[in-house]
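Encoded as structure tokens, the structure appears first; notes follow it.
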Amino acid sequence: MGKSKATKPTRDQKAIIMAARLIWQNWLVLSESDEELHIVSRGAGVSRTLKKPLRVGRPSQRHK
Numbered sequence: 782m783g784k785s786k787a788t789k790p791t792r793d794q795k796a797i798i799m800a801a802r803l804i805w806q807n808w809l810v811l812s813e814s815d816e817e818l819h820i821v822s823r824g825a826g827v828s829r830t831l832k833k834p835l836r837v838g839r840p841s842q843r844h845k
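Under the working numbering, the first residue of the sequence shown is numbered 782, with each subsequent residue one higher.
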């Protein structure tokens, strides 16, 4: 299923939340799958499900 309690978002999760035009400081992560991110509001307790885009985060580092 997923995590049983809400946690602070990671760097990549923050990028997904900001891409949805939300303020990441106001949200906690309930669970994450390959396709979706389930978040809950710190203040009101409202939950949302965000679809993950195909590519988010830092580009992969090239091998030398």
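No residue lacks a Cβ here, since even glycine has one placed at the ideal position from N, Cα and C.
These figures come from a predicted structure and were not determined experimentally.
7 Å Cβ cutoff met for residue i and residue j
i, j, result
"E816", "K833", "yes"
"A787", "L811", "yes"
"R823", "N807", "yes"
Nearest candidate by alpha-carbon position, reference residue i, set the options
i, options, result
"I804", "A787, I820, K786", "I820"
"S814", "S822, A800, T830", "T830"
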